[in-house]
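Trainee: Take a look at the following structure, please.
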Amino acid sequence: MSTPVSFEFFPPNTPVGVEKLKTVVQELGALKPQYFSVTYGAGGSTRDKTLSAVMDIASAGFNAAPHLSCVGSTRENIAEILATYRERGISRVVALRGDLPSGTATAGEFRYASELVSFIRETQGKDWHIEVAAYPEVHPQQRYAARDLQHFADKMKAGADGAITQFFFNPDAYFHFVDEARRLGVTQPIVPGIMPFHNYGRIAQFAQRDGIEIPRWVQMKMEGFMDDAASIRAFGLDVVTRLCERLIAGGAPGVHFYTLNQSALTLALCERLGLGNKG
1 MSTPVSFEFF PPNTPVGVEK LKTVVQELGA LKPQYFSVTY GAGGSTRDKT LSAVMDIASA
61 GFNAAPHLSC VGSTRENIAE ILATYRERGI SRVVALRGDL PSGTATAGEF RYASELVSFI
121 RETQGKDWHI EVAAYPEVHP QQRYAARDLQ HFADKMKAGA DGAITQFFFN PDAYFHFVDE
181 ARRLGVTQPI VPGIMPFHNY GRIAQFAQRD GIEIPRWVQM KMEGFMDDAA SIRAFGLDVV
241 TRLCERLIAG GAPGVHFYTL NQSALTLALC ERLGLGNKG
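With the UniProt record's numbering, the residue at position 126 of the sequence shown is 126, and numbering never jumps.
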């Protein structure tokens with residue numbers, strides 16, 4: 001049986017980006033993913049664009065899962081957003097704490113994603129399929145791994161159906177995290193999030209910001225390629241293919257790709273790995 005796949009997008013900012021994303025949805029949709037998720041800016045700054053992208057995906061006949069961040073929001077606010085999605089037939093959501101928009105001091109009525117998950121379950125019952133975030137290499141704002149793990153377990157116990165991890169390049173970090181979560185009683189699927197090397201400089205920036213380790217040998221090889229785009233692409237595909245092979249062989253319940261609104265590398269990886277249900 002094939003390993004399920006899902007794909008993540010960010011809401012486009014321009015009409016050209018909107019049209020490009022529609023094409024990417026069709027290309028990746030050929031793999032029959034479980035769903036496409038769409039991110040949500042700090043403090044809900046992309047709320048309307050997220051809704052628009054989600055509706056385009058749903059209109060194309062695919063399952064869409066909007067991200068919903070609660071920091072800086074009120075219960076009324078969140079209930080209103082969920083009602084909007086419900087009216088449009090959306091029943092899957094990625095529930096996150098999220099970041100405060102810059103210049104904002106208060107977290108609003110929700111401090112943690114576990115509170116958001118509890119609120120959705122208390123007010124909406126089992127109507128929603130809820131995914132949450134997991135951090136195999138520890139949340140960048142958390143000093144202590146044990147505390148971070150407990151926050152994760154709290155989210156799952158609050159009623160999450162599953163989790164998607166932050167991207168990583170060390171499979172041992174993922175397997176260790178899953179083992180630790182199981183020890184705390186988490187039984188739901190924990191799906192690894194995978195970032196293809198779309199642009200090495202940009203990925204390295206994301207990794208540095210979020211405390212994600214890119215193995216030194218990978219960094220050295222990538223930097224040694226300088227501006228040789230073909231070598232960077234080929235090497236990056238090999239590195240991420242091997243990572244996914246280890247994860248799937250080790251029992252990962254699915255693979256979630258961070259596409260950066262591009263299809264080529266993700267399609268190449270899925271083809272190499274035999275992922276997706278073409279035809």
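From the three backbone atoms N, C-alpha and C, an ideal C-beta is built for every residue, glycine too.
Going along the chain, which unbroken runs of the alpha helix (DSSP H) with 4 or more residues stay wholly within the segment 164–221?
Mentor: DSSP runs (the alpha helix (DSSP H)) wholly in the segment 164–221: 171–183 and 200–210.
Trainee: Put Val38 into one of helix, strand or coil per three-state DSSP.
Mentor: It is a strand residue.
Trainee: List the DSSP bridge partners of His151.
Mentor: Answer is none; His151 lacks a bridge partner.
Trainee: Could you give the uninterrupted runs of the beta strand (DSSP E) lying entirely in the segment 60–105, keeping only those of 3 residues or more?
Mentor: Listed in chain order, the complete beta strand (DSSP E) runs (minimum 3 residues) inside the segment 60–105 are 64–69 and 92–96.
Trainee: Which residue's Cα is closest to the Cα of Thr187: Asn170, Gly201 and Gly162?
Mentor: Closest option to Thr187, Cα to Cα, is Gly162.
Trainee: Residue 289 to Trp128, Cα distance in whole Å?
Mentor: Here the chain has residues from 1 to 279 only, and residue 289 is not among them.
Trainee: How big is the Cα-Cα spacing for Tyr174 and Gln142?
Mentor: Those two C-alpha atoms are separated by around 17 angstroms.
Trainee: From Thr74 to Ala146, what does the alpha carbon distance come to, in whole angstroms?
Mentor: Going by the C-alpha atoms only, they are around 29 angstroms apart.
Trainee: Counting beta carbon pairs with one atom in the segment 250–269 and one in the segment 176–196, are three or more of them shorter than 8 angstroms?
Mentor: The segment 176–196 is in contact with the segment 250–269.
Trainee: Could you tell me whether the Cβ atoms of Pro189 and Leu247 are closer together than 9 angstroms?
Mentor: No, the Cβ-Cβ distance between Pro189 and Leu247 is not below 9 angstroms.
Trainee: Would the beta-carbon of Ala64 fall within 9 angstroms of that of Phe36?
Mentor: Their beta carbons are under 9 angstroms apart, which means Ala64 touches Phe36 by this criterion.
Trainee: Quick one: what's got a C-beta closer than 6 angstroms to Pro136's C-beta in the same chain, skipping five residues either side?
Mentor: Within the same chain, Pro136 has close Cβ partners Thr165, Phe168, Ala173, Tyr174 and Phe177.
Trainee: What residue from Lys126, Glu27 and Tyr85 has the CA that sits closest to Leu51's CA?
Mentor: Of the listed residues, the one whose Cα sits closest to Leu51 is Tyr85.
Trainee: Skipping 5 residues on each side, what residues in its chain have a beta carbon closer than 8 angstroms to that of Gln262?
Mentor: Val24 and His198, listed in sequence order.
Trainee: With DSSP run on the structure shown, which of helix, strand or coil describes Ser118?
Mentor: Ser118 falls in the helix class under three-state DSSP.
Trainee: With distances taken Cα to Cα, identify the nearest neighbour of Phe62 among Gly89, Lys155 and Leu68.
Mentor: When only C-alpha atoms are compared, the closest one is Gly89.
Trainee: Quick one: residues in its chain with C-beta nearer than 8 angstroms to the C-beta of Gln34, no 5 flanking neighbours on either side, listed in chain order?
Mentor: Excluding positions up to five away in sequence, the list reads Pro4, Val5, Ser6, Asn63 and Gly254.
Trainee: Nearest-angstrom Cα distance between Glu87 and Arg216?
Mentor: If you take the alpha carbons of Glu87 and Arg216, they lie about 48 angstroms apart.
Trainee: Would you mind working out which of Leu265, Val138, Gly251 and Arg47 sits nearest Ala207, comparing C-alpha positions?
Mentor: Nearest C-alpha to Ala207: Val138.
Trainee: Please go through the same chain and pick out, in chain order, the residues whose beta-carbon is closer than 8 angstroms to the beta-carbon of Gly236, but skip the five residues on each side of it.
Mentor: These residues qualify, in order along the chain: Pro196, Phe197, Tyr200, Met222 and Leu265.
Trainee: Would Val38 and Ala60 be called neighbours here (beta carbons separated by less than 9 angstroms)?
Mentor: Contact: no.
Trainee: Just curious, the alpha helix (DSSP H) that Ser231 is in, first and last residue?
Mentor: Unbroken alpha helix (DSSP H) run through Ser231: Ala229 to Ala249.
Trainee: Whole angstroms are fine: how far does the CA of Pro140 sit from the CA of Arg209?
Mentor: Each residue's alpha carbon lies about 8 angstroms from the other.
Trainee: Anyone know if the C-beta pair for Arg92 and Glu131 falls short of 9 angstroms?
Mentor: Yes, the pair counts as a contact, with Cβ atoms nearer than the cut-off.
Trainee: Quick check: what's the CA-CA separation for Leu267 versus Lys32?
Mentor: Computed Cα separation, rounded: 12 angstroms.
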